[in-house]
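Residue numbers (full-length UniProt numbering): 1 to 1168.
Even glycine gets a Cβ: it sits at the ideal position worked out from N, Cα and C.
Have a look at the structure below before the remarks.
In structure tokens form, the structure reads like this:
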């Protein structure tokens, strides 16, 4: 007691601080803050308890028990939140995405409370807002405003500020334009469903912001209760009775204590003469003894009950893991919204329908497996195909992370890469061609941070031939590591490293597959996609890697008259026909009514819904994303459907929408969602195009043979240009949405052209209209237009009429169907069914390496998507906090940041001016580049210093600095730097090194005069440099600059600094370029195909020679030069992307279209 009294001062002080400040923070951050406060208190000598608990100091055990019975979760964060709600001086504003607080407040106040008052529910959109608030204040009723946004109604200002005044003995508050009597029993609550709202300081100082976001422990406890209620109803009944009995006993004791204190305070004279007091004391003693005995018995019973409940802990933990993975999906796509209520419904359905078993272990395994499968199945049908594997990968990695089989360092390496690190001890790279420097750096980081792989670099170096063979395997993710490395790694292995496996699967190797996934990222990064799928397959099972298409019958069965079905659209997919077929099958075709939303269609849709309520119609509202302003009305209509007994049970609401962040979240959370996508793959695409074709149409032409051949050829062309998009920039600079209307229009035009009287087929006209107008009308990039016409040239060509077995690909796999002039549509379809499921790059005219590019792109999508939804890590390697890691990183960068380039040390001729006072054009270009780099260096130094001060708490962490913190932690270039930096796709670590090299190039130019050759990649604006070269030639030879162009002389070396002693007399030597989609043959001095597995090679040095009226050699290939590999940029007035620099003519002994279809181009920089 004495110790408690002594610590009271500090504890109350900490309680006041907690109530004032930490409401908006997460549980983990609250614990960290309290830990720092306690440490500071001890340092200042302020007495306080060894540990601090807000609920222990400020909570009333009886009241806390009552809160639990009213639905408040009993984890520490939720109980602290309960104290904040009831003890705060300001009205509570609760961040409540899962509606935990909302339900608790409704039960807490809905029962009439202590004064028997009625809880008033309200939304800010209610037109009678002030009237309802005024009535609640006057009557002393509790008031709950739900679903507030990031702003509050100004009319609530007096209520928020508790601006109550005394008017002649009456408490009043000025509301609107009148003074309202203020009842002290009035209580005011606000909740928001926004998961991460941003409130301005002027809002935060008027309310107590409290974060009720569900915690892992809190949800686990709730799910455990649900499991035990279902599995052990008798145990749960005893637990509830026990809680109620304890609650009743504590209330009785509290009442007796209060009564004794009252009697003592009112007692006069000798206390022993007060019979009522003595009687109460005796009664209290007897009651207390009885209660004490019951409490002792209850404690024993409680331990037994908890032991029984804890046997099902693994099921509730799996449920919690699944929920938080599902909740994170909303950060990937705004349509992936699932409420806690929806999740609990799935969880309970599985518990009730899982196969029964008397053996507890078998039952637990069944529950865990069934819960995981059912949640995965239902959530998956609402995900796009590209995100389904990501979902299953997230589930398994979170299971393993929770079990301790994956630590934070390994997880960070997979997602973020190596980052900036000390490489002083890095061993030499044994094969730079097999393992690029970036990947060797990653491997070294893995060696440093993963104890079980601490000898990997030396093992690869010693056994490079074995590792080379492994890297060149077609499926390295399925092949054992070289020389049985899994079983010969260093010791210090723990049991936690064994992967969780399903029964019947082979025992995992000593090295966990996740760590093999790290090695895949280091040595064959394009195979990470397949490695992730194999990791999921080995742990969860094959059904989590193969995604069956959901049936409309299943989706419909999960809907009801108050649960809409939402079809999430993607380009090229329309679910209307599927719904019409289903309605016909259900004999409800006449009941289905369709409205396509758009301007002015909202009122019509509302009337149709209201009619549907009564008549039991099926209502389909198409394209909700086009009716943004009507979405709030739709939300109100859908919310009003809940609990409306007048709605016919046959009524169904169907909605279609493209992904949109303004689509109402409450509708998404209660709906059944189904994604609709066009079939993937060339075969499926052609097959879909043939659906509408019949034999009559196939034979309906005076030039029957040409019509049949060109019709099939056009459909194959349509599929090729659509599927070519999967190769990213190698396929198209810009991703165009070619659709069925393009094919239909081209087919009609083709038919009309063939029906002309002229016996000759107008090939040029057909090519122009189909390529330049129908399809080309969508194409905005000139280089893409060239690729489109080159592709069309293989499908619309006179050769197609000369050969019955005309082949569209080199291997002959893709050709005209057999007996093309006589075969029926069924024959066309039969031939298409014989095509490979996954198409080879040859049909697109691309090299086999294009598949590696595609796989790399898909692997990057998985890792970048997972990284994008990760919370900021609180800790890192070596037990350091995120703040410490980022602070140290900022220090390293500041130390290595180059000094600004100045003219003080410039060579005399660099910025020399002529007699007219004009600086040389190259000097002007250099001064502009200097200015840009100096601006970047200044921005970096300033923001890095500010970030360090913000981490220390010396200045406010602004939104820009917060985003910069996350970028540095995730190895991204901060957006605040990108705004003044040159375009780059590199991660932060390699970008920083590249930036230093660029600055040093220009510093060397300033100090030592013009270089022998120019590293064109160093320039912010290479176009400006090339213009300056032309301008220098123009001034020297007095030739108008607008008649000048470049002739390109390719050299037989790629590093001029080791080959050339002095610059050329005219023009300049340019080096530092990379070749994408091709390589240079130094023997023949022509373009050549890539070597297998080699994606990029250094381009040869090129001599840019200015010349008058340069004529392009038609035999040469015009190779576009881009700044970055993404190729796309902003479309400029020239018709080219701003990413485009210029076209360089290069010699070739192959047709130019060969390189066009290969996507051959030059790049100034790579992605890493």
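Item, Value
"Please report how far the alpha carbon of residue 724 lies from the alpha carbon of residue 1061, in whole angstroms.", "45 Å"
"Who pairs with residue 211 in a beta bridge, going by DSSP?", "95"
"Given a threshold of 16 other Cβ atoms within 10 Å of its Cβ, counted over all protein chains shown, does residue 799 qualify as buried or as exposed?", "exposed"
"CB residue 854 to CB residue 727, shorter than 8 Å?", "yes"
"Going along the chain, which unbroken runs of the alpha helix (DSSP H) with 4 or more residues stay wholly within the stretch 899 to 965?", "921 to 952"
"Relative to the C-alpha of residue 945, which residue among 929, 964, 928 is closest?", "964"
"Near residue 831, which residues of its chain fall below 6 Å by C-beta distance, leaving aside the five closest residues on each side in sequence?", "817"
"Could you tell me the alpha carbon to alpha carbon distance between residue 223 and residue 346, rounded to whole angstroms?", "12 Å"
"Using the DSSP secondary-structure output, state which residues sit across from residue 181 in a beta bridge.", "172"
"By the 10 Å Cβ neighbour count, where 16 or more other Cβ atoms means buried, how is residue 300 classified, buried or exposed?", "exposed"
"For the putative contact between residue 137 and residue 105, defined by C-beta atoms under 8 Å, what is the C-beta separation to the nearest angstrom?", "Contact doesn't hold; Cβ gap of about 18 Å is too wide."
"Just how far apart, CA to CA, sit residue 417 and residue 1042?", "48 Å"
"Helix or strand or just coil, what does DSSP make of residue 1037?", "helix"
"Quick one: residues in its chain with C-beta nearer than 8 Å to the C-beta of residue 690, no 5 flanking neighbours on either side, listed in chain order?", "715, 825, 828, 829, 832"
"Our contact map puts residue 431 next to residue 462 with C-beta atoms below 8 Å; I'd like the distance itself, whole angstroms only.", "At roughly 12 Å, the Cβ-Cβ gap does not stay under 8 Å, so residue 431 and residue 462 are not in contact."
"Compute the distance between the beta-carbons of residue 1182 and residue 446, then report whether it is under 8 Å.", "For residue 1182 there is no data in the structure shown, the boundaries of the chain being 1 and 1168."
"If residue 368 and residue 315 are in contact, beta carbons under 8 Å, what's the gap, nearest whole angstrom?", "6 Å"
"Give the DSSP bridge partners of residue 1078, in chain order.", "According to DSSP, which records beta bridges pairwise, residue 1078 is partnered with nothing at all."
"What number of angstroms, rounded off, separates the C-alpha of residue 483 from the C-alpha of residue 867?", "33 Å"
"Work out the CA separation of residue 835 and residue 1093 for me, nearest whole Å.", "26 Å"
"So for residue 291, helix, strand or coil by DSSP?", "helix"
"Which full runs of the beta strand (DSSP E) of 3+ residues lie inside the stretch 317 to 397, going along the chain?", "none"
"Starting from residue 746, follow the alpha helix (DSSP H) in both directions and report where the run begins and ends.", "740 to 754"
"Apart from the five residues on each side of it in sequence, which residues of its chain come closer than 7 Å, Cβ to Cβ, to residue 941?", "894, 897"
"On the DSSP letters alone, give me the boundaries of the beta strand (DSSP E) that residue 603 sits inside.", "Careful: residue 603 lies outside any beta strand (DSSP E), inside the alpha helix (DSSP H) at 602 to 615."
"Could you check whether residue 1089 and residue 718 sit closer than 8 Å to each other, using their CB atoms as the reference points?", "no"
"Distance check for residue 891 and residue 884, CA to CA, integer angstroms please.", "10 Å"
"Less than 8 Å between the CB atoms is what I'm expecting for residue 312 and residue 228, so what's the real figure, rounded?", "6 Å"
"For the beta strand (DSSP E) containing residue 1143, list its first residue and its last residue.", "1140 to 1146"
"State yes or no: is the C-beta of residue 745 within less than 8 Å of the C-beta of residue 753?", "no"
"Measuring alpha carbon to alpha carbon, tell me which of 54, 333, 184 ends up nearest residue 163.", "184"
"Classify residue 166 as helix, strand or coil using the three-state DSSP reduction.", "strand"
"Taking 8 Å as the cut-off, does the stretch 698 to 709 touch the stretch 590 to 608 (at least 3 CB pairs, one atom from each stretch)?", "no"
"Within this structure, are the beta carbons of residue 253 and residue 280 separated by less than 8 Å?", "no"
"If residue 676 and residue 568 are in contact, beta carbons under 8 Å, what's the gap, nearest whole angstrom?", "7 Å"
"Taking only runs of the beta strand (DSSP E) that begin and end inside the UniProt domain \"Dynein heavy chain region D6 P-loop\" (561 to 675), which ones reach a length of at least 3 residues, in chain order?", "565 to 568, 592 to 596, 618 to 622, 652 to 657, 672 to 675"
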